[in-house]
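Heads up: the structure comes next, in structure tokens.
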Amino acid sequence: MSRRKTELNAEGFTVKATLKNAVVVGPRASRVFHECPAKPSTFRKYYEREELPIAVKHENRGNSIAWKVDVETLDYHHYLPLFFDGLTETAFPYELFARQGIHDMLDRGGPKILPVIPQLIMPIRNALNTRNHQVMCTTMKVLQHLVMSADKVGEALVPYFRQILTVFNLFKNNRSTESCFSPSGRQNTHLIFSPGLLFPRSPPPTGDIYQTITSCRNPSAITIRDEWEKRRAKREMEEDIA
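So the sequence shown is numbered by our numbering: it starts at -10 and just counts up by one.
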């Protein structure tokens, strides 16, 4: 009988591993950074059933979306979470519709956006949990736009930092994810995993808020507070000049 047939695979630090013919098997490779394929989104199902008021608009500079209704008349409690659900999509035309639809709704939503924030957290988490480079870049740009879209949106997102920033912590040292190209491939946007830059209009962290951020990212307390204060001072200066 060959030696290979008598070898016994065993896990480390077990009684079986002490046997003469035991071969200790190493630990399984961590898949924490591997992409997690997402299931077809609810957004895709609505589009395929033609229940979304959008269509593809072909232009010389590229494809865009054409709204069949006025964006300002939409029910944001229904449509905005639905479009956010489409952030997990990477195939055309679902990715285009979800991404551009969100930006259009954020541009014209005004006071309708703030009450919908709690409904957006789960779709945002689902998108980030895919670990897909394209999806994460798109989601970060959407988050930045979301914060700037209406008053107090940044403040409303603070209680959800623990759910949002945890995924960023995994990729904080991944330089390739900090650089994201626009859909056209011409514009390179640098995205830094920092609460003060990702959420520029959020209030400076104090108390429970600060503990939440440090538990997610474990950065220096001085760095976080200084970052927020600098951006707030810059914003106030710009408002005074205007």
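Here a beta-carbon is modelled for each residue, glycine too, at the ideal position from N, C-alpha and C.
In the structure shown, Ile102 adopts coil according to DSSP, grouped into three states. Annotated three-state conformation of Ala(-1) is strand, per DSSP. Taking a 10 Å sphere around the C-beta of Ala222, we find fewer than 16 other C-beta atoms and assign the residue as exposed. Rounded to the nearest whole angstrom, the C-alpha separation of Asn49 and Leu132 is 29 angstroms. Looking at the DSSP output, Val13 sits in a beta bridge with Ala(-1).
In the DSSP assignment, Lys34 falls within the unbroken alpha helix (DSSP H) covering 31 to 37. Asn52 is bridged by DSSP to His47.
His66 is positioned such that its CB atom lies closer than 8 angstroms to that of Val105. In this structure, the CA atom of Met137 is about 8 angstroms from the CA atom of Gly143. Rounded to the nearest angstrom, the Cβ distance from Thr31 to Leu71 is 7 angstroms, consistent with a contact under 8 angstroms. Looking at Glu39, Asn118, Leu69, the one whose alpha-carbon comes closest to that of Lys57 is Glu39.
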